[in-house]
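The structure under discussion appears below in the form of structure tokens.
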Amino acid sequence: MQLNDDIAKRARVAMRKRWWQAGDPLLLSMLHHRNERQDRKILRWGMWAAVLSYMCYGLFDLYLFPDISYQLVAIRFCFSIVFLVSLETVARGMRSLKVLHVVAALSILCGGVGWLVFAMATQYTEPLSEFMVFGTVFVLGANLFFNFRFWLSAVTSAIVTIAFVYALMFKINTDIVQRVVLSAFFINCLALSLYLSWRLSEERYFSFLHSLQAQIQEKVAIEKGQQLEKIAETDPLTGLRNRRAISQDFLNLTRNGLSENEQIGLILIDVDYFKRFNDSLGHHAGDECLIALARLFSQKAEELGAVAGRHGGEEFVILTKVDSQERLRELTEIFCKSVEALAIPHPDRGDDRHFVTISAGATMTRNDGSLELTILLQQADRALYSSKFTGRATYTIYDPAEASRDASGENLAELLKLAITRGLVSVVYQPFIDTRTGKIIGYETLMRLRDFDGSLISPAVFIPVAEQTGAIHMLGRWAIEQACRDIANHGMGDVVSVNVSAMQLKTPGFPLQVTEIIGQFGISPRKLALEVTEGIDIALETQAQKNIEQLRAFGVQVWLDDFGTGFAGLAWLRRFDFDVVKIDRAFLHDCESLRGSSMLQDMVRLLRNRGVHVLVEGVETKQQVDLLKRLGVNTMQGYYLGRPASLADVLAHHSTNQRA
Ligand code: C2E
Ligand code: CA
Ligand code: CA
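The numbering of the sequence shown is my numbering, which starts it at 826 and goes up by one.
Next up, the structure:
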């Protein structure tokens, strides 16, 4: 059944129908159509039963009217045969239910009135007039038994009643009182059964309208749900699948998408010198470029049986099934070459090329426990990093054998082990600003690692390796100690946050470790906030859940970082009351498009409605500050408001800021 707007409207109007008004013809025909199968069945069985009882009544004929008993029985028999043959012919010929109803109504008429006409010939008028009560069976049958449409019931039963009453009053010569009483009984029977038949048909009609409305509401709810799901899974700028959708695709592939010798390949793509592209050609051209690339990727992905998504900013991700590393290499090359073939001009790159190119890093699952999206992403990210390092416009396939070596060839895993003792690791602080007052209210602690030659290694490179090697536990603890020491010695505003890796969060005893550090420096637990990301599926991690609860019970603040990018932001929110939720910077950066800014607005509203304190990170321009003020965001963070800086710089700046 097609439930369109027109029908929804008609159903709404029809519900207000008064008793004397006719039903909507379209809806009535839908109702009859819907019940047709059942009504056909009722009619056929009903007719067979009625014909059988009609024949049985022949016994009374034999007993009551001996003078014409054989004729009457023969007539009953003939009628019955004719009724059944015509009924079955019409039913088997799949004629419409209407025709079937007319045949049944005619049968009732003939059965009742026809018998009466022949019975009038009897000499036994006394028993005849008494036996005529049996005529009411035809009236009741026409009105109540067969689900006829109301007009058909009314016409049939009225004719039967008129015929019997007429015969009683004018054709039979018995006691007048008896005839009047019988006639009155007939008319009464007609009126009551007609009323019942009308009530039943009205009720059938209204219950149909109710069920129609319920179906329409359900359809609307389903459509709304699908729309929301689509929005929640789509990147507003490019229309590609977003991170959340990609992680769902990954899960689906791992659960039931792979045959025996297939693996999942993941290609991480970054547009080369995109910042320069934006700076020289403007944000609008930047958006156009991303949209063109997205279109290309999604078309190629479809051709190759893969899925393409936007990973954030100028990064894209491709998920595909592969059966070998060679195939992964081929696919990665196809994507890189197809971007070059597009030849989007990029005049101000700063190298000797003049068109947009991409760098890519690719990896695949290897039956070595790397069947987790976060691990694949880390591996692809490292491969991508080395593509960037070797001059961009190229791709690298992640090699597990080289995994522990960093880009400059040193052994990063070894470096990490020595990082603390050799003083290679340090922290910098980036301020949070109160949107209303413009004052610094605290700082985020960000870790920095230097190589032996003094060059900085990006956290995007060393944190994943530290997580893989387990060094993160030691480094993470050190970062918390560092933050607590600086809080104890210098105050550092109202709160200092430290990023906590999923590995730490999953470790039993982690909350105890944190409280020990807090106790050691004698600071208030509320001054420390731990930033956890959605990088793990919280539903599966009971230890992480317990740890979050314990930390909060100790009074330590727990913040949700990078909201909107990971596994299940809403599931996390439902599970815990976070002190602060940090909306990932990708959402702010998408705000140049209308959809992007309404998405951010929706997110802020959703969080604020839940009574959550909202922080937006990645603020790079004055316009963004104004936007966030308008949206009622509580706290902001970003390069425009303060870059990550050493403790000494922070202390110097903090005192001037708070005086201002
Ligand atoms: P995050 O927690 O989302 O940290 C914010 C990152 O965004 C920082 O990068 C920061 O420098 C950068 N950022 C701040 N303002 C802006 C802005 O206006 N625009 C842009 N484009 N970026 C901005 P960083 O320091 O490179 O850190 C990267 C990631 O490494 C962090 O992301 C965090 O996930 C991780 N990380 C850093 N320190 C630690 C740590 O001590 N422990 C753990 N487990 N992870 C850390
Ligand atoms: Ca953070
Ligand atoms: Ca973040």
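Using N, Cα and C, we set each Cβ at its ideal position, and we do this for glycine too.
Taking the beta carbon of residue i as the centre, do at least 16 other beta carbons fall within 10 Å, making it buried, or is it exposed?
| i | result |
| --- | --- |
| residue 1033 | buried |
| residue 1424 | buried |
| residue 834 | exposed |
| residue 1351 | exposed |
| residue 1290 | buried |
| residue 982 | buried |
| residue 1373 | buried |
| residue 1231 | Unreliable positioning characterises residue 1231 in this predicted model, as indicated by a pLDDT of 48, which lies under 50. The coordinate reading is nonetheless provided below. Buried: at least 16 other Cβ atoms inside 10 Å. |
| residue 1435 | exposed |
| residue 1473 | exposed |
| residue 1067 | buried |
| residue 1085 | exposed |
| residue 1416 | buried |
| residue 1118 | buried |
| residue 1172 | exposed |
| residue 1468 | exposed |
| residue 902 | exposed |
| residue 1336 | buried |
Would residue i and residue j qualify as a contact pair, given that the criterion is a beta-carbon distance under 9 Å?
| i | j | result |
| --- | --- | --- |
| residue 1111 | residue 1102 | yes |
| residue 937 | residue 899 | no |
| residue 1527 | residue 1437 | The question about residue 1527 has no answer here: the residues shown for the chain are numbered 826 through 1485. |
| residue 832 | residue 1153 | no |
| residue 1155 | residue 1182 | no |
| residue 1200 | residue 1143 | no |
| residue 1249 | residue 1294 | no |
| residue 1075 | residue 1089 | yes |
| residue 1217 | residue 1176 | yes |
| residue 872 | residue 931 | no |
| residue 1453 | residue 1398 | no |
| residue 1095 | residue 1140 | yes |
| residue 885 | residue 956 | yes |
| residue 1502 | residue 1401 | Residue 1502 lies beyond the range of the chain shown here (826 to 1485); nothing can be said about it. |
| residue 1008 | residue 993 | yes |
| residue 1326 | residue 1288 | yes |
| residue 1343 | residue 1379 | yes |
| residue 958 | residue 1018 | no |
Sorted by chain position, which residues of the same chain lie with C-beta nearer than 6 Å to residue i's C-beta, five sequence neighbours on each side aside?
| i | result |
| --- | --- |
| residue 1257 | 1266, 1267, 1460 and 1462 |
| residue 1202 | none |
| residue 1420 | 1061 |
| residue 887 | 894 |
| residue 924 | 915 |
| residue 1307 | 1252 |
| residue 1440 | 1405, 1407 and 1460 |
Below 7 Å CB to CB, which residues in the same chain sit around residue i once its five sequence neighbours on both sides are set aside?
| i | result |
| --- | --- |
| residue 1022 | 968, 969, 975 and 978 |
| residue 875 | 966 |
| residue 1333 | 1368 |
| residue 1476 | 1315 |
| residue 1260 | 1453, 1454, 1458, 1459, 1460 and 1461 |
| residue 1053 | none |
| residue 1426 | 1456 |
| residue 1215 | none |
| residue 1403 | 1383, 1384, 1385 and 1437 |
Tell me which same chain residues have a C-beta within less than 8 Å of the C-beta of residue i, skipping the five on either side of it?
| i | result |
| --- | --- |
| residue 922 | 857, 861, 864, 865 and 868 |
| residue 1466 | 1256, 1258, 1444 and 1450 |
| residue 1157 | 1092, 1185, 1187, 1220 and 1222 |
| residue 1304 | 1252, 1270, 1272, 1323 and 1324 |
| residue 1284 | 1271, 1272, 1273 and 1274 |
| residue 1078 | 1089, 1144 and 1146 |
| residue 1243 | 1249 |
Kindly say whether residue i, judged by its beta-carbon, lies nearer than 9 Å to any beta-carbon of chain D.
| i | result |
| --- | --- |
| residue 1293 | Given the protein chain composition of this structure (a single chain), no chain D is represented. |
(message) Suppose only complete runs of 3+ residues qualify. What are the beta strand (DSSP E) ranges in the stretch 1050-1119, listed by chain order?
(response) 1088-1096
(request) Go through the stretch 1195-1279 residue by residue and report every complete run of the beta strand (DSSP E) that reaches 3 residues or more, in order. (result) 1220-1222, 1250-1259 and 1265-1275
(message) Using a Cβ distance threshold of 8 Å, determine whether the stretch 964-983 contacts the stretch 995-1005, with at least three qualifying pairs required.
(response) no
(message) Does the structure place the stretch 938-953 close enough to the stretch 885-905 that three or more beta carbon pairs sit under 8 Å?
(response) yes
(message) Going residue by residue through the stretch 1383-1469, where are the continuous alpha helix (DSSP H) segments of at least 4 residues, counting only ones entirely within it?
(response) 1394-1400, 1410-1414, 1419-1434 and 1447-1456
(request) Run through the stretch 1322-1383 for me and flag every whole alpha helix (DSSP H) of 4 or more residues, listed as ranges in chain order. (result) 1327-1330, 1335-1346 and 1367-1379
(message) Just to confirm the assignment: which complete alpha helix (DSSP H) runs, minimum length 4, are found wholly within the stretch 962-1007?
(response) 975-991
(message) Does the contact criterion of 3 or more C-beta pairs under 8 Å hold for the stretch 1275-1283 versus the stretch 1310-1317?
(response) no
(request) Spell out a yes or no on whether the stretch 1336-1356 and the stretch 1379-1389 are touching, meaning 3 or more CB-CB pairs, one atom from each, closer than 8 Å. (result) yes
(message) For the stretch 1185-1192 against the stretch 1106-1120, do three or more pairs of beta-carbon atoms, one drawn from each stretch, fall closer than 8 Å, so that the two count as touching?
(response) no
(request) Kindly provide the ranges of any beta strand (DSSP E) runs that are 3 or more residues long and lie completely inside the stretch 1139-1183, ordered along the chain. (result) 1140-1147
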